[in-house]
Every structure is written in structure tokens, then in C-alpha cells.
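Here the structure comes first, spelled out in C-alpha cells, and everything after it is commentary.
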Amino acid sequence: MSIKQFQVTFDCAEPERVARFWCEVLGYVVPSPPEGFATWADYDNSLPPEQRGASFSCSDPTGVGPRLYFQRVPESKVVKNRVHLCVRAGTGLVGDERLATLQAECDRLIALGAAHERTLYADEENESCIVMRDVEGNEFCLD
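The opening position of the sequence shown corresponds to residue 3 in the working numbering, with each subsequent residue numbered one higher.
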């Protein structure tokens, strides 16, 4: 049997903040709160104090993309990610058109709290891409 679905898990300091950032980046949505709770805040307030704000998730409303799960950890990010997301903003585009599309998406994400790390320009082998950081410093690429 082969696995067809998977979840991407982020270790972070503020799970809801990071989840809501990625909702905006990817067009993902926050699922409905558990039955019996009007809001996630209501649910969170029902938990013991040490568990409040400990996790959050979001998902692709089409059901195609993986669920993203964010869990609070005590340590902060220290080194480069070993795994990162590539946001496919320029698929099928080349040259100046691709770079302009990536830059427009970069500008949109900076307004959401992301940071521009560096732009890698096209060469003989690769098209341009932009390396960025999310609201907690996790690297990701616009390609």
C-alpha cells in the first residue's frame, strides 16, 4: 500500500499566527471548531492553561493539498530548514514574465509579514526563484 495523503508539520512559537499566515499565502482555510464550540478561541479557552495555543491547523479547501499542522515548541529556530515549501507562483512562466510574477507575489507576502531573503536569477540551467522567510523565519521559495 502506498500513502496518498500527508500532512506538513511546522514547529513554531505561535501556531495560530503562523497558520493564518500560510492560509493567506496558499488560500487555505481554518477548519470549523470542534462540535460544541462556536469559535476556536472558545475551544482553546476550554483547555488547561498549558495546552492553550499549543497547536493550530489549516487545509486546502479543495482537498487536494496537504493539511498543514502547527505545533508550539519551546526552542526557537536556529539553523536552515532541512525541508521547505516551494510556492509555485511562476509555473510555466519564463524570463522577465516569470520574474515579474514572482516579484508581485513576493510583495504580497511581505505585506503579510514574510521577509525577502534573496532572489536567484535565471541561468543556463534554472529559472528564477525567490527565497523568503515566513513570519517566524522558516525558509520557503517562490518558484
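For glycine and all other residues, C-beta sits at the position ideal for the given N, C-alpha and C.
Below 8 Å on the Cβ atoms is my guess for residue i versus residue j; work out the distance and round it to an integer in Å.
{"i": "Phe39", "j": "Tyr45", "result": "4 Å"}
{"i": "Phe142", "j": "Leu87", "result": "5 Å"}
{"i": "Val27", "j": "Leu111", "result": "6 Å"}
{"i": "Cys60", "j": "Cys14", "result": "Actually they do not touch by this definition, with Cβ atoms about 13 Å apart."}
{"i": "Pro63", "j": "Val10", "result": "Incorrect: roughly 16 Å between the Cβ atoms, too far for contact."}
{"i": "Leu70", "j": "Phe12", "result": "7 Å"}
{"i": "Asn140", "j": "Lys79", "result": "7 Å"}
From residue i to residue j, what distance separates their C-alpha atoms?
{"i": "Asp145", "j": "Ser48", "result": "41 Å"}
{"i": "Ala21", "j": "Ser130", "result": "27 Å"}
{"i": "Asp109", "j": "Glu138", "result": "18 Å"}
{"i": "Val81", "j": "Glu119", "result": "14 Å"}
{"i": "Arg116", "j": "Glu18", "result": "The residue asked about is misnamed: residue 116 is Ala in this sequence, not Arg. Going by the C-alpha atoms only, they are around 15 Å apart."}
{"i": "Ile132", "j": "Val75", "result": "28 Å"}
{"i": "Pro36", "j": "Ala43", "result": "11 Å"}
{"i": "Met3", "j": "Ala113", "result": "43 Å"}
{"i": "Ala106", "j": "Glu16", "result": "27 Å"}
Hey, could you find the ends of the beta strand (DSSP E) residue i is sitting in?
{"i": "Val10", "result": "Gln9 to Cys14"}
{"i": "Val89", "result": "Leu87 to Val89"}
{"i": "Arg69", "result": "Arg69 to Arg74"}
{"i": "Ser57", "result": "Ser57 to Cys60"}
How far does the alpha helix (DSSP H) with residue i in it extend, from its first residue to its last?
{"i": "Val27", "result": "Pro17 to Leu28"}
{"i": "Ala43", "result": "Trp42 to Asn47"}
Output the residue ranges of the alpha helix (DSSP H) runs that lie fully inside the region 93–141 and measure 4 residues or longer, sorted by chain position. Qualifying alpha helix (DSSP H) stretches, in chain order: 97–113.
Does the region 122–140 touch the region 92–106, meaning 3 or more C-beta pairs lie closer than 8 Å? The region 92–106 vs the region 122–140: in contact.
I'd like to know if the region 48–58 and the region 102–119 are in contact, where contact means that at least 3 CB-CB pairs between them fall below 8 Å. Touching, no.
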